[in-house]
Each structure stands twice: as structure tokens, then as C-alpha cells.
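Asks: Residue numbers (UniProt numbering): 1 to 493. All residues carry an ideal CB built from backbone N, CA and C; glycine is no exception. Remember, predicted model here, so these are calculated numbers, not experimental data.
#1: In whole angstroms, give me the CA-to-CA distance for residue 359 and residue 365.
#2: Which residues in the same chain have their Cβ closer than 7 Å to the Cβ of residue 329, if we skip the five residues on either side of it in sequence?
#3: Could you compute how far the alpha carbon of residue 414 sits from the alpha carbon of residue 286?
#4: Evaluate residue 570 with the Cβ neighbour count: other Cβ atoms within 10 Å of its Cβ, from every protein chain shown; 16 or more gives buried, anything less gives exposed.
#5: Using DSSP bridges, identify the partner residues of residue 462.
#6: Check whether the segment 291 to 306 touches the segment 164 to 182, counting contact only when three or more Cβ pairs, one atom from each stretch, lie closer than 8 Å.
#7: Tell me whether residue 329 sits in a helix, a strand or coil according to DSSP, three-state version.
#8: How is residue 56 classed by DSSP in three states: helix, strand or coil?
#9: Locate the beta strand (DSSP E) running through residue 343, then write down its first and last residues.
#10: Exposed or buried, which one is residue 394 when buried takes at least 16 other CB atoms within 10 Å?
#11: Taking the alpha carbon of residue 113 as the reference point, which residue from 351, 314, 184, 104 has its own alpha carbon closest?
#12: Closest by CA to residue 281, which one among 324, 243, 268?
#13: Between residue 200 and the rest of its own chain, which residues show a CB-CB distance below 8 Å, the 5 nearest in sequence each way excluded?
#14: Within the segment 339 to 382, note down every full beta strand (DSSP E) run reaching 3 residues or more, in order along the chain.
#15: Taking a contact to mean a Cβ-Cβ separation below 9 Å, would you say residue 120 touches residue 55 in this structure?
#16: Excluding sequence positions up to five away, which residues of its chain have a Cβ less than 8 Å from the Cβ of residue 419?
#17: Distance check for residue 138 and residue 317, CA to CA, integer angstroms please.
#18: By the 10 Å Cβ neighbour count, where 16 or more other Cβ atoms means buried, how is residue 143 classified, buried or exposed?
#19: Is it a yes or a no for the segment 91 to 107 touching the segment 54 to 71, going by three-plus beta-carbon pairs under 8 Å?
#20: Could you give the uninterrupted runs of the beta strand (DSSP E) lying entirely in the segment 381 to 409, keeping only those of 3 residues or more?
#21: Which residues does DSSP pair with residue 257 in a beta bridge?
#22: In this structure, does DSSP put residue 279 in helix, strand or coil?
#23: On a CA-only basis, which of 457, 314, 435 is nearest residue 468? Give me that one, please.
#24: Since residue 306 is in the beta strand (DSSP E), which residue starts that stretch and which ends it?
#25: Once DSSP output is grouped into helix, strand and coil, what is the label at residue 478?
#26: DSSP on residue 250, reduced to helix/strand/coil?
#27: Which one of 454, 456, 449, 425 has the shortest CA to CA distance from residue 443?
#28: Reducing DSSP to helix, strand and coil, say where residue 273 ends up.
#29: For the candidate residues 259, 401, 295, whose alpha-carbon lies nearest to that of residue 309?
#30: Pick out whichever of 170, 462, 219, 377 has its Cα sitting closest to the Cα of residue 206.
#31: To which residues does DSSP link residue 167 through a beta bridge?
#32: Between which two residues does the alpha helix (DSSP H) holding residue 314 run?
#33: Could you tell me the alpha carbon to alpha carbon distance between residue 351 and residue 391, rounded to whole angstroms?
#34: Using alpha carbons as the reference points, say which of 190, 58, 188, 129 lies closest to residue 115.
#35: How big is the Cα-Cα spacing for residue 410 and residue 149?
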């Protein structure tokens, strides 16, 4: 029996408690002490080790358990294993003993893997001065205008900023949310939004309601694109230099207005190919001779300058650029009636009407104005312009010509699925607006389009029948109120 324990102990030391079984930093910084003398008391070495390291890291605890597990025979450790391992890890043997007991009990309790995590975290230190409910009550009493930063919130509620930060980590319900200013809507605007959104809802024979595929609509809008932006963020190493950028004035950075026209992507049976829905993008610029010379160019050299957009210029752009592009690129098959150019109600846009286009010989293309103060009903304002601008800012531009090329390349490089998904988002926006009777005070949920929708080009949002009937009843009541009001006015006259 003595020889068995002696052999087992030697194998334990040489094979499993060797430096190869521990992390590199363990045996590099913590060399094992000499064994206590046989004539002395072995507990002296244990007392000396108890003051070296009180807590083991998770990696050390895992390594210690795996080492014990490898030398155990039928769940029984050889004599002296706990003490030898405690010397290697510079801790008390009771620490190793508790670790072994905890791991074995966790396996008996049904755990798939042994639990060797320390119970110190969360059960040590002083008691919290405030409970989670007390912190929440104090924060709720602070007006939201004073909750814009953790510093201002801390000063308003009298709770340290670090305490609030820890409260945020423990309570996912409390988090920062962005708030954007939305266009102010009059009662007339709300009613027009409701009518416009409901015009795209199609009833099905099964009793369900589905949004129209919007294949006949071409969305047009303008946007300013800047040569650069004031603040940019770069990810660099500490030995890298960030490129210096300079402009004459941060308030007057060179910019160009672009007009873009897009439709919903689809399959074109006539051309036997997928159509990306991108009609075109055009800058409002003019090329004219320079009025005076400079060190960069002589007098009379051709210079590209931005144009101010007014009603005649906008009408000429629609007539001479947008309409020919629609006639050239728009799929011929699958049309149901005229192609409608959807635009907002800006002052220059009122000059473009279906009658004026017909007067200039344009057939099969009409104009449909979206409700006032409703940029969320246009796919360009809803997200497509932001996607283009994000790609444009990834290119270095120093002149107007380079800016034009960058915007045009970004327009055509953007994936077709991005445009198709924006049309699906538009249908969801209309659905939410109908549910709240035309208002824009909705919260757009995450639709998880990439995971749930197989084909973005053919997918249409299904509308709840009860919400549709509620919105229809609201419109009828508003119509009845207007009729009653008109009758009262006529009676007074």
C-alpha cells in the first residue's frame, strides 16, 4: 500500500502538476516553494501559502480541476494531491478542496459541465446603498429634458454616475434612446396621409388586406450632397496619423443638389432579366466660363458650378431627363395604367403636373403628389438617400466633378436588395400610420427582413382587417363632420 501511494504521488507530480499543465504565466512568475522539512510541521508551509494568493482566476480554477480530474481514480483523489496542487497555485489546500467539491456536486446536480466558477463575484464587498427599485424611482422623477446625459441625470437625481451605469448594465429596460424631430402635421395633413396610405391597400377574396406592389410608381426627390463633413471617425492604431482636413468655413462647405428617381425592383419578362429599379440620378450644375482668372485657372476656363433649383429648372429636369429615362428603362410588361411620378409638395414641384406633361407630348406618365409634410412616404427620404450618402462619404472628393462622380457611382453600386427592402419598409410605415389614423407618431419595429423574407421584390405587407375597418370608420366620421359643418355654414349665410 505504501509503495502504491508513493508511485501515485510521483506520477502525479511529474505528469500532471508539471509546468506544462499550467498556463505560461503561472510557472513563470510563481515558482513552487521548497517542501517543508520532515522534522518540522507541514502546516507552517500551508500557513505561509495562505497569504500569497486568496483567490484564483477562472483559468486557474479550470486548470486545477482538470488536473485533479486526470489523477482521480473512480472519483477518489490520491493522498497529498490537494496539498501539492495548492503549493503549485500558491493557495490554501482548502481552496482546492472546495473547488473539487463544488465541481463534483454540480455534475451530480445535472450540469453538463462542471461548475468551477468562483462565488466571490457578486457576494463580496459592501452592501449597496440603494436598491434597484429605489434607483428606478429616483430616475423616473427626473424630467426627460434632464436625462440627456449620464452626468446631467446624476446631478438631477443625486445618484453617482457610476451607480447609474451599473444600474444600466443590470437592467436592460433602462437604456438610451434617440429622439428625432418630426414634421408638424395639421388635421388636414393627417387626413390626407390617411387617405393616401389607404389608397394602396387592396382587399383580397379571402377577407385579408394586402398592400399594392407599387410597380407603377417612380419616387423622385432632391438632396444636398456635401464635398465632406465636419466630423469623421477613423479607426487607426496609436502610431498612425489621421489625415488633416481643412476648409475655409465649416458653415459653407461645397455642396451640390441631386435629383434621384427610383422604382421598385422587379423581374422584367420583356427583357428577361431583373430590373434594379434605378431610373437615374442627376446633379443640378452648370458648366460656364470663369468670370476672372486665378492661380488655379485662367479667365474663360470652363468651370462647373452648382445651380439654384427653381420651378422652371425642376420642370425641365423632369421633362428632359427623368421622363426619357423612365421611357427607356421602365419595364413594359406588367404595367397597370400610367406610370406615376410621386413627388413631394415643395414649391418648385407644383409646376409639374400631368396636364403639363401631356401638353409637352408625354403620354402614359402622370404625376402624383404625396401628402404635405410626409417625407416618410417617399423611399428616397425613408432611407435610400442615407445609404447613398454613406457610400459617397467613403470616397475622397476634393472638387465638384469628383463629388458628382462619387454620388453617381454610389447610386449604381448600392445593392438592389437595399432599394427593395426600403419599399417593404414604406409599406410598413403606411400600415402603422393607418393604425393611428394618419399620424406620424409611430415607432417602426424591426421587421427582420433578411431572416423572414425570401424575395424582397415580390413581398407585400399584409394589413390587419380590423385596423382597416377602424381607419375607414374614422374617415367616414370625419366626412360626416365636414358635411355637418358645411350645412351649418350655409344655414348661417
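Replies: According to the data block:
#1: Counting from one through the chain shown, the residue named residue 359 turns up at place 359. Counting from one through the chain shown, the residue named residue 365 turns up at place 365. Approximately 12 Å between the Cα atoms of the pair.
#2: Working through the chain shown from its first residue, we reach residue 329 at position 329. In the same chain as residue 329, and ignoring 5 residues on each side of it, the C-beta atoms closer than 7 Å to its own belong to 279, in chain order.
#3: The count along the chain shown starts at 1 and reaches residue 414 at position 414. The count along the chain shown starts at 1 and reaches residue 286 at position 286. C-alpha separation (whole angstroms): 26 Å.
#4: Residue 570 falls outside the range modelled here, since the chain spans only 1 to 493, and no answer is possible.
#5: Working through the chain shown from its first residue, we reach residue 462 at position 462. DSSP output for residue 462 lists 210 as bridge partner(s).
#6: The segment 164 to 182 and the segment 291 to 306 do not touch, with fewer than three beta-carbon pairs separated by less than 8 Å.
#7: Your numbering for residue 329 matches position 329 in the chain shown. In the displayed model, residue 329 falls within a helix according to three-state DSSP.
#8: As a working mapping, residue 56 is identified with position 56 in the chain shown. The three-state reading of DSSP puts residue 56 in coil, since its state is none of H, G, I, E or B.
#9: Sequence index remark: in the chain shown, residue 343 carries index 343 (1-based). That run of the beta strand (DSSP E) goes 339 to 343.
#10: One-based indexing of the chain shown puts residue 394 at position 394. Exposed.
#11: If you number the chain shown from 1, residue 113 lands on position 113. Of the candidates 351, 314, 184, 104, the one whose C-alpha sits nearest the C-alpha of residue 113 is 104.
#12: Position 281 of the chain shown holds residue 281. When only C-alpha atoms are compared, the closest one is 324.
#13: Here residue 200 corresponds to residue number 200 of the chain shown, with the count starting at 1. Contacts found: 211, 212, 214, 427, 430.
#14: Runs found: 339 to 343, 365 to 369.
#15: For the purposes of this step, residue 120 is identified with residue 120 of the chain shown, where counting begins at 1. For the purposes of this step, residue 55 is identified with residue 55 of the chain shown, where counting begins at 1. Going by C-beta atoms, residue 120 is nearer than 9 Å to residue 55.
#16: Reading the chain shown from its first residue, position 419 is the one you call residue 419. Excluding residues within five positions, the ones whose Cβ falls inside 8 Å are 262, 264, 265, 276, 277, 278, 379, 384.
#17: Taking the chain shown and counting its residues from 1, one reaches residue 317 at position 317. Taking the chain shown and counting its residues from 1, one reaches residue 138 at position 138. For residue 317 and residue 138, the distance between alpha carbons rounds to 58 Å.
#18: Here residue 143 refers to the residue found at position 143 of the chain shown. When all chains shown are included, residue 143 counts as exposed.
#19: Because the criterion of three Cβ pairs below 8 Å is met, the segment 91 to 107 and the segment 54 to 71 touch.
#20: The DSSP assignment places no complete run of the beta strand (DSSP E) inside the segment 381 to 409 (cut-off: 3 residues).
#21: Looking up residue 257 in the chain shown gives position 257. The secondary-structure analysis by DSSP pairs residue 257 across a beta bridge with 224.
#22: Counting from 1 along the chain shown, the entry for residue 279 is found at position 279. Look at residue 279 here: in three-state DSSP terms it is strand.
#23: On the chain shown, position 468 is the one that residue 468 refers to. The candidate whose alpha carbon is nearest that of residue 468 is 435.
#24: Here residue 306 refers to the residue found at position 306 when the chain shown is read from its first residue. Following the DSSP letters along the chain, one finds residue 306 inside the beta strand (DSSP E) bounded by residues 302 to 306.
#25: By one-based count along the chain shown, residue 478 stands at place 478. In the structure shown, residue 478 sits in a helix (DSSP, three-state: H, G or I).
#26: Looking up residue 250 in the chain shown gives position 250. The DSSP-derived three-state label of residue 250 is coil.
#27: Your numbering for residue 443 matches position 443 in the chain shown. Minimum Cα distance to residue 443 is reached at 425.
#28: In the chain shown, counting from the first residue as 1, residue 273 sits at position 273. Taken through DSSP and simplified to helix, strand or coil, residue 273 comes out as strand.
#29: Position 309 of the chain shown holds residue 309. Ranked by Cα distance from residue 309, the options 259, 401, 295 are led by 259.
#30: The residue you call residue 206 lines up with position 206 of the chain shown. With respect to the C-alpha of residue 206, the residue from 170, 462, 219, 377 having the closest C-alpha is 462.
#31: The residue you call residue 167 lines up with position 167 of the chain shown. Looking at the DSSP assignment, residue 167 forms no beta bridge with any residue, so it has no partner.
#32: Translated into the one-based positions of the chain shown, residue 314 becomes position 314. DSSP places residue 314 inside the alpha helix (DSSP H), whose first and last residues are 311 to 317.
#33: Residue mapping note: residue 351 aligns to position 351 of the chain shown, counting from 1. Residue mapping note: residue 391 aligns to position 391 of the chain shown, counting from 1. Roughly 32 Å between the two C-alpha positions.
#34: The residue given as residue 115 occupies position 115 in the chain shown. It is 58 whose Cα lies nearest to the Cα of residue 115.
#35: Mapped onto the chain shown, residue 410 falls at position 410. Mapped onto the chain shown, residue 149 falls at position 149. Residue 410 and residue 149: Cα-Cα distance of roughly 36 Å.
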